[in-house]
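Asker:
Protein chains: 2
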Amino acid sequence: MRLSERELVSLIRRKLARSTASEGTIVGPGDDAAIIAPTPGEALALSTDAIVEDVHFRRRWATGFLLGLKSLLSSISDIFAMGARPRACLVSLGLSTWASPLFVEDLFEGMLKAAGRFGASIVGGNITRSNKLFIDMTVTGHLAPGNAITRAGAKVGDAIYVTGHLGGAALAAKHLFGGRIDRGRLAEVESFLRDDVAATPGDAQVELLSRFFAPPIRAEESSALAAAGICTSMIDISDGIGSDLREVCHESGVGAVIEIDSIPVFDRLPGSLAINRRDMLRLAISGGEDYELLFTVRQSDELRLQRLFQENDLCPITKIGRITPNSEGIVFLDNDGRPSEGFTGFDHFSTKEEGH
Amino acid sequence: MRLSERELVSLIRRKLARSTASEGTIVGPGDDAAIIAPTPGEALALSTDAIVEDVHFRRRWATGFLLGLKSLLSSISDIFAMGARPRACLVSLGLSTWASPLFVEDLFEGMLKAAGRFGASIVGGNITRSNKLFIDMTVTGHLAPGNAITRAGAKVGDAIYVTGHLGGAALAAKHLFGGRIDRGRLAEVESFLRDDVAATPGDAQVELLSRFFAPPIRAEESSALAAAGICTSMIDISDGIGSDLREVCHESGVGAVIEIDSIPVFDRLPGSLAINRRDMLRLAISGGEDYELLFTVRQSDELRLQRLFQENDLCPITKIGRITPNSEGIVFLDNDGRPSEGFTGFDHFSTKEEGH
Numbered sequence: 001m002r003l004s005e006r007e008l009v010s011l012i013r014r015k016l017a018r019s020t021a022s023e024g025t026i027v028g029p030g031d032d033a034a035i036i037a038p039t040p041g042e043a044l045a046l047s048t049d050a051i052v053e054d055v056h057f058r059r060r061w062a063t064g065f066l067l068g069l070k071s072l073l074s075s076i077s078d079i080f081a082m083g084a085r086p087r088a089c090l091v092s093l094g095l096s097t098w099a100s101p102l103f104v105e106d107l108f109e110g111m112l113k114a115a116g117r118f119g120a121s122i123v124g125g126n127i128t129r130s131n132k133l134f135i136d137m138t139v140t141g142h143l144a145p146g147n148a149i150t151r152a153g154a155k156v157g158d159a160i161y162v163t164g165h166l167g168g169a170a171l172a173a174k175h176l177f178g179g180r181i182d183r184g185r186l187a188e189v190e191s192f193l194r195d196d197v198a199a200t201p202g203d204a205q206v207e208l209l210s211r212f213f214a215p216p217i218r219a220e221e222s223s224a225l226a227a228a229g230i231c232t233s234m235i236d237i238s239d240g241i242g243s244d245l246r247e248v249c250h251e252s253g254v255g256a257v258i259e260i261d262s263i264p265v266f267d268r269l270p271g272s273l274a275i276n277r278r279d280m281l282r283l284a285i286s287g288g289e290d291y292e293l294l295f296t297v298r299q300s301d302e303l304r305l306q307r308l309f310q311e312n313d314l315c316p317i318t319k320i321g322r323i324t325p326n327s328e329g330i331v332f333l334d335n336d337g338r339p340s341e342g343f344t345g346f347d348h349f350s351t352k353e354e355g356h
Numbered sequence: 357m358r359l360s361e362r363e364l365v366s367l368i369r370r371k372l373a374r375s376t377a378s379e380g381t382i383v384g385p386g387d388d389a390a391i392i393a394p395t396p397g398e399a400l401a402l403s404t405d406a407i408v409e410d411v412h413f414r415r416r417w418a419t420g421f422l423l424g425l426k427s428l429l430s431s432i433s434d435i436f437a438m439g440a441r442p443r444a445c446l447v448s449l450g451l452s453t454w455a456s457p458l459f460v461e462d463l464f465e466g467m468l469k470a471a472g473r474f475g476a477s478i479v480g481g482n483i484t485r486s487n488k489l490f491i492d493m494t495v496t497g498h499l500a501p502g503n504a505i506t507r508a509g510a511k512v513g514d515a516i517y518v519t520g521h522l523g524g525a526a527l528a529a530k531h532l533f534g535g536r537i538d539r540g541r542l543a544e545v546e547s548f549l550r551d552d553v554a555a556t557p558g559d560a561q562v563e564l565l566s567r568f569f570a571p572p573i574r575a576e577e578s579s580a581l582a583a584a585g586i587c588t589s590m591i592d593i594s595d596g597i598g599s600d601l602r603e604v605c606h607e608s609g610v611g612a613v614i615e616i617d618s619i620p621v622f623d624r625l626p627g628s629l630a631i632n633r634r635d636m637l638r639l640a641i642s643g644g645e646d647y648e649l650l651f652t653v654r655q656s657d658e659l660r661l662q663r664l665f666q667e668n669d670l671c672p673i674t675k676i677g678r679i680t681p682n683s684e685g686i687v688f689l690d691n692d693g694r695p696s697e698g699f700t701g702f703d704h705f706s707t708k709e710e711g712h
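Taken in sequence, the protein lines are chains F and S. First residue of the first sequence? That's 1 in my numbering, and the numbers climb one at a time after it. First residue of the second sequence? That's 357 in my numbering, and the numbers climb one at a time after it.
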């Protein structure tokens, strides 16, 4: 680390000052705390998330920009998963000696891109030393007090839906952690995402990698669902359907049955990285990193849901199963209608190999 | 790590559920985000801070309880340093394999003690793996929108004050990092602080160590100063007067002169750990960890300040210098009135040895 802490903080503050100052920020970066004016009449959502070197990324392939972008997007996703809208972000960095000032600048460039996409701002943070780099982000959001969509409201008989297509991010992660992506391709991904973080790349490999670094945060879908008030529960898919559905079932005190064949998998795979459908389903269920939304609605609201998404030109949604009594547990059915073995969710601490 | 992530989260949630639920918490721990109702008419303070193994503590001597207590107290200190009152806390843990479930429980026990002391609550968090343990905490607070006391308002001629006595925490840290405190003494400190985190131990060594693990957060003093509206700037002393005063001067665009002999040093030292006054002053200026308040007031408000502290039976305060023009820089004067050499502040990244 060639800069002093003070010089590094100055560098970050100059970077943050160039972003559009957020309305309602009374005191921004550089003091003991940031001060913001809450949105009148709204409740406040608070979420925190950490990204750690050699757990969530490797130094070898994560550029500052891509890491900053992905980190803050995935944190912002938690706010949308409650039906709230992001507002102010705090970034706490544990900086390893390998993190150059240029890397830190790029990291904030990526985070500013993520925040800016949703009109959020970075209002403060902290830096300290750490032998492995970590990024801990807190995102605040706002929402009408009665509109929060928790994990706890799913009822027996509700339909289970997911947005978009799953498994792509986990496949990208597999290849990244496996060291099978060269830096030239990553430079293409970065160049593409610096230009437009929300567009779809033409090249299939660039698109697949973009699923990992710039997951398709479902902002409009979240807002529409919150305003319509038809979700009984919602979660963002960070760890794979297996694990995240288990959270919903646990909090709601219910079971679930999932028809595996109905799970919409990401299928625009580049020839060189293609895998079979069964393995892709496995990634959708156990891989994680998709940041699509999983939500439940009453059967009587399914028509309204379909109309809501069609009329507002929102993303594709797919029904993948239904909520059952708690005693029935969580069951994944094969297309012959029999329980499938061998599908599980993500657990940072036990079942997964090092690397995500 | 013998528990799965899910089991560990359950353990933490049970622990948090036993704390008094905070008024205005709409959704607590266990969802994508916590939801709180902002205090009507008040602005929101947001601060984040991290504690990292082998940077801020060593596994050898930091028990879970003491580490949790100290971590959250030092984070809460940032909120008071703005003149705000703490409200909701988020705790993001990077857990090393050595951190047992019992350690994690104790960590939260310490954090609950810290939060509970000020009527704050822990509303959410995150856990992930990390090779070295880290604790990243975000604390939100509230204050009347016009009452924020920043680092940026000091004016030439203002008097510079500090609360309490300085250097004790840094001396304790020196002995802790030097391996010169045995675990039996730490057990006494923990036992004392579990009983009453705000009392003063009778034993001098226990008292000195308590300065490090339970710094005397100046809650009432902060509230009184914010309500009186007489501070032109304020900061909490986390890195030592040298560094923290430099922050105030930098943000305010001013210089300062400090009379070294007027700095109130912590002097109830146990015989076995006693050091001379000059070294104690050095710790007060460059050591950090005191979490006392440093603030500036107009000369014309000094009498009002003295009365405010006397009439409300607040802690001792000491005038240590005055604000000067920017061009004069920051000068430390010896008691012969000549600039003193060799006093500096804390910089995590350059000047300090590993660990402090």
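The C-beta atom is built at its ideal place from N, Cα and C for all residues, glycine as well.
Could you round the C-beta distance between S/L402 and S/T494 to whole angstroms and report it? I think they count as a contact, below 8 Å.
Answerer: About 7 Å; that satisfies the 8 Å criterion.
Asker: Looking at C-beta atoms only, is the number of pairs between the segment 382 to 394 of chain S and the segment 472 to 489 of chain S that lie closer than 8 Å three or more?
Answerer: Touching, yes.
Asker: Could you name the residues that DSSP lists as bridge partners for S/F490?
Answerer: Paired residues: S/V408 and S/G450.
Asker: Please report how far the alpha carbon of F/G253 lies from the alpha carbon of F/D239, in whole angstroms.
Answerer: F/G253 and F/D239: Cα-Cα distance of roughly 20 Å.
Asker: Would F/L46 pass as an interface residue toward chain S - the criterion being a Cβ-Cβ separation below 7 Å?
Answerer: Interface residue, yes.
Asker: With a 10 Å radius around its C-beta and 16 neighbouring C-beta atoms as the bar for buried, classify S/P695 as buried or exposed.
Answerer: Burial call: exposed.
Asker: Does the separation of the CB atoms of F/T232 and F/K155 fall below 7 Å?
Answerer: Against a cut-off of 7 Å, the Cβ pair of F/K155 and F/T232 comes out as a contact.
Asker: Could you give the distance in angstroms between the alpha-carbon of S/W454 and the alpha-carbon of F/F103?
Answerer: Those two C-alpha atoms are separated by around 31 Å.
Asker: So S/K511 contacts chain F; which residues on that side make the cut at Cβ distance below 9 Å?
Answerer: Ordered by position in chain F, no residue passes the 9 Å Cβ test against S/K511, which lies about 17 Å from the chain.
Asker: How would you list, in chain order, the residues of chain S whose beta-carbon sits under 8 Å from the beta-carbon of F/A84?
Answerer: Result: A389 and I391.
Asker: Between the segment 574 to 586 of chain S and the segment 656 to 668 of chain S, can you find at least three pairs of beta-carbon atoms closer than 8 Å?
Answerer: Because the criterion of three Cβ pairs below 8 Å is met, the segment 656 to 668 of chain S and the segment 574 to 586 of chain S touch.
Asker: To which residues of the same chain is F/S4 closer than 6 Å at the C-beta, ignoring the five residues directly before and after it?
Answerer: Answer for F/S4: no residue qualifies.
Asker: From S/R416, S/F474 and S/G466, pick the residue whose C-alpha is nearest to that of S/P442; which is it?
Answerer: The residue with the shortest Cα to Cα distance from S/P442 is S/F474.
Asker: Any C-beta of chain F within less than 7 Å: which residues of the segment 454 to 487 of chain S qualify?
Answerer: Cβ contacts with chain F: V479, G480, G481, N482, T484, R485, S486 and N487.
Asker: Is the beta carbon of F/V162 within less than 6 Å of some heavy atom of the ligand ZN?
Answerer: In the structure shown, the ligand ZN is absent, as is every other ligand, since no ligand is present at all.
Asker: Of the residues S/L639, S/S683 and S/G513, which one's Cα is nearest the Cα of S/S599?
Answerer: Of the candidates S/L639, S/S683 and S/G513, the one whose C-alpha sits nearest the C-alpha of S/S599 is S/L639.
Asker: Would you say F/P215 and F/L73 are within 7 Å of each other, going by their C-beta atoms?
Answerer: Yes, the pair counts as a contact, with Cβ atoms nearer than the cut-off.
Asker: Can you give the Cα-Cα distance for S/H704 and F/R129, rounded to whole angstroms?
Answerer: The predicted position of S/H704 is uncertain, since its pLDDT is 42 and thus under 50; a value taken from the coordinates is nonetheless stated next. Going from the Cα of S/H704 to the Cα of F/R129 covers about 7 Å.
Asker: Closest by CA to F/A148, which one among F/A256, F/F80, F/F192 and F/I76?
Answerer: Nearest of F/A256, F/F80, F/F192 and F/I76 to F/A148, Cα basis: F/F80.
Asker: Give a yes or no on whether 7 Å exceeds the smallest Cβ distance from S/A526 to chain F.
Answerer: No, because no Cβ of chain F sits closer than 7 Å to the Cβ of S/A526.
Asker: Name the chain F residues whose beta carbon is nearer than 7 Å to that of S/F490?
Answerer: Ordered by position in chain F, the residues that pass the 7 Å Cβ test against S/F490 are G94, S130 and F134.
Asker: Measuring only the C-alpha atoms, how far is S/E576 from S/L670?
Answerer: Cα to Cα, the separation comes out at about 7 Å.
Asker: Hey, how far is the Cα of F/L209 from the Cα of F/N276?
Answerer: Approximately 18 Å, taken between the alpha carbons.
Asker: Using the DSSP secondary-structure output, state which residues sit across from S/P695 in a beta bridge.
Answerer: Answer by DSSP bridge pairing, in chain order: S/L689.
Asker: In three-state terms, what does DSSP make of F/A84?
Answerer: Of the three classes helix, strand and coil, the one that applies to F/A84 here is coil, per DSSP.
Asker: Could you check whether the segment 59 to 66 of chain F touches the segment 180 to 198 of chain F, counting it as contact only if at least three pairs of C-beta atoms, one from each stretch, sit closer than 8 Å?
Answerer: Contact between the segment 59 to 66 of chain F and the segment 180 to 198 of chain F is present, because at least three Cβ pairs lie under 8 Å.
Asker: I need the straight-line Cα distance from F/K15 to S/V553, nearest angstrom please.
Answerer: Approximately 41 Å between the Cα atoms of the pair.
Asker: Mind listing which residues of the segment 496 to 521 of chain S have their C-beta closer than 8 Å to chain F's C-betas, in chain order?
Answerer: Under the 8 Å Cβ criterion, the segment 496 to 521 of chain S contributes T496, G497, L499, P501, A504, T506, R507 and A508.
Asker: For F/P316, which three-state DSSP category applies?
Answerer: Coil.
Asker: How close, in whole Å, do the beta carbons of S/I491 and S/L449 come, if the pair is a contact with beta carbons under 8 Å?
Answerer: Yes, S/I491 and S/L449 are in contact; Cβ-Cβ is about 6 Å, under 8 Å.
Asker: Using a cut-off of 8 Å between C-beta atoms, extract the partners of F/P29 located in chain S.
Answerer: Correct list: empty, because the minimum Cβ distance to chain S is about 11 Å.
Asker: Determine the chain F residues that contact S/D669 at a beta-carbon separation under 8 Å, and present them in chain order.
Answerer: Those do not exist, as S/D669 stays about 25 Å from chain F at its closest Cβ, beyond 8 Å.
Asker: Along the chain, where does the beta strand (DSSP E) containing S/D592 start, and where does it finish?
Answerer: It spans C587 to D592 - the beta strand (DSSP E) in which S/D592 sits, taken as one unbroken run.
Asker: Identify which residue in F/A274, F/T324 and F/I260 has its Cα closest to the Cα of F/D334.
Answerer: Of the listed residues, the one whose Cα sits closest to F/D334 is F/I260.
Asker: Give every residue of the same chain whose Cβ lies closer than 7 Å to the Cβ of F/D301, excluding the five residues on either side of it in the sequence, and list them in chain order.
Answerer: Answer for F/D301: I230, listed in chain order.
Asker: Using a Cβ-Cβ cut-off of 6 Å (strictly less than) and excluding sequence neighbours within five positions of S/I614, which residues of its own chain qualify?
Answerer: These residues qualify, in order along the chain: I676, G677 and F688.
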